[in-house]
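So the sequences go chain by chain: A and B.
Number 221 marks the last residue of the first sequence (my numbering); no jumps.
Number 115 marks the last residue of the second sequence (my numbering); no jumps.
In this text, a Cβ means the ideal position worked out from N, Cα and C, and glycines have one as well.
Beneath this line is the structure, given in structure tokens, with notes to follow.
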Amino acid sequence: EAGVTQSPTHLIKTRGQQATLRCSPISGHTSVYWYQQALGLGLQFLLWYDEGEERNRGNFPPRFSGRQFPNYSSELNVNALELEDSALYLCASTPLGLTTDTQYFGPGTRLTVL
Amino acid sequence: DQQVKQNSPSLSVQEGRISILNCDYTNSMFDYFLWYKKYPAEGPTFLISISSIKDKNEDGRFTVFLNKSAKHLSLHIVPSQPGDSAVYFCAPSARRSNYQLIWGAGTKLIIKP
């Protein structure tokens, strides 16, 4: 069974540009979570999508946005990139249902803003 | 406001000995606690969890202890093996509120041969 996949692996942008990161959950999983891990810090919760809807949002500015498609894959968009947006962006998925907290993670996208 | 603290950024342990990783939290609403393990260039993987109704959960070489009154949990790995070298994250959640996990900063465990 394929795990969570993310693309691209690495992304280099300049300040002010936009970045789009993609995530495909495990087959059968309907919830997708996005996290940011800046260097030396823990995972900071960004967004949670379930069944195409945004269910919860972390403490990030509105230029961080995303969406979930009918096939449950997801996109994270970061507009007006700033240097401090440089981080590892992780996507995780969970099965349908709210009884599990175990999240399955992809390998991440390393975003570098120059 | 750091709700979850892993005060040791790194820990070095001899192979075969016990590794003890600690995690402190402040939010009394947390009722479910997970530990994840992360290797470089990979996403975190679930390791072990404990519910607030228990004070100990064991899975092979891994045991998690929960002290609710002290708002403290610890992960014990015994015996430690080279493959245990990784970053370990403590991630509590409050199941009554959107199941959002709150992550600690992680502890890098290094197992010395």
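| Asked | Found |
| --- | --- |
| Proximal chain A residues relative to Phe91(B), where beta-carbon distance stays under 9 Å | Gly149 and Leu150 |
| Classification of Leu36(B) by the beta-carbon crowding that lies within 10 angstroms, buried from 16 upward | buried |
| Closer than 8 Å to chain B by CB, Gly204(A) | Only weak support is given to the placement of Gly204(A): the predicted model assigns it a pLDDT of 48, under 50, and the question is left unresolved by the model. |
| Supposed close pair Gly110(A), Trp105(B) - CB separation, criterion 8 Å | Not confirmed; about 20 Å, so no contact. |
| Option nearest Leu122(B) by Cα separation, candidates Leu103(B), Pro94(B) and Tyr90(B) | Outside the modelled stretch of chain B, which goes from 3 to 115, sits residue 122(B), for which no answer is possible. |
| Where Thr206(A) falls: helix, strand or coil (DSSP) | Only weak support is given to the placement of Thr206(A): the predicted model assigns it a pLDDT of 46, under 50, and the value that follows is read from those uncertain coordinates. Three-state DSSP puts Thr206(A) in coil, outside helix and strand. |
| Val89(B): first and last residue of the uninterrupted beta strand (DSSP E) it sits in | Ala88 to Ser95 |
| Any chain B beta carbon closer than 8 Å to Phe212(A) | yes |
| Assigned exposure category for Ile79(B) - 16 Cβ within 10 Å defines buried | buried |
| Proximity test, Cβ basis, 8 Å: Asn163(A) and chain B | yes |
| Distance between Asp157(A) and Thr209(A) (C-alpha atoms, nearest Å) | 15 Å |
| Ala93(B) and Leu77(B) closer than 8 Å at C-beta | no |
| Cutoff 8 Å: Gln102(B) Cβ touching any chain A Cβ | yes |
| Environment of Gly18(B) [buried if 16+ CB atoms lie within 10 Å] | exposed |
| Minimum Cβ-Cβ distance from Phe64(B) to chain A less than 8 Å | no |
| Range of the contiguous beta strand (DSSP E) that encloses Val220(A) | Thr216 to Val220 |
| Endpoints, the beta strand (DSSP E) within which Asp157(A) is located | Gln151 to Asp157 |
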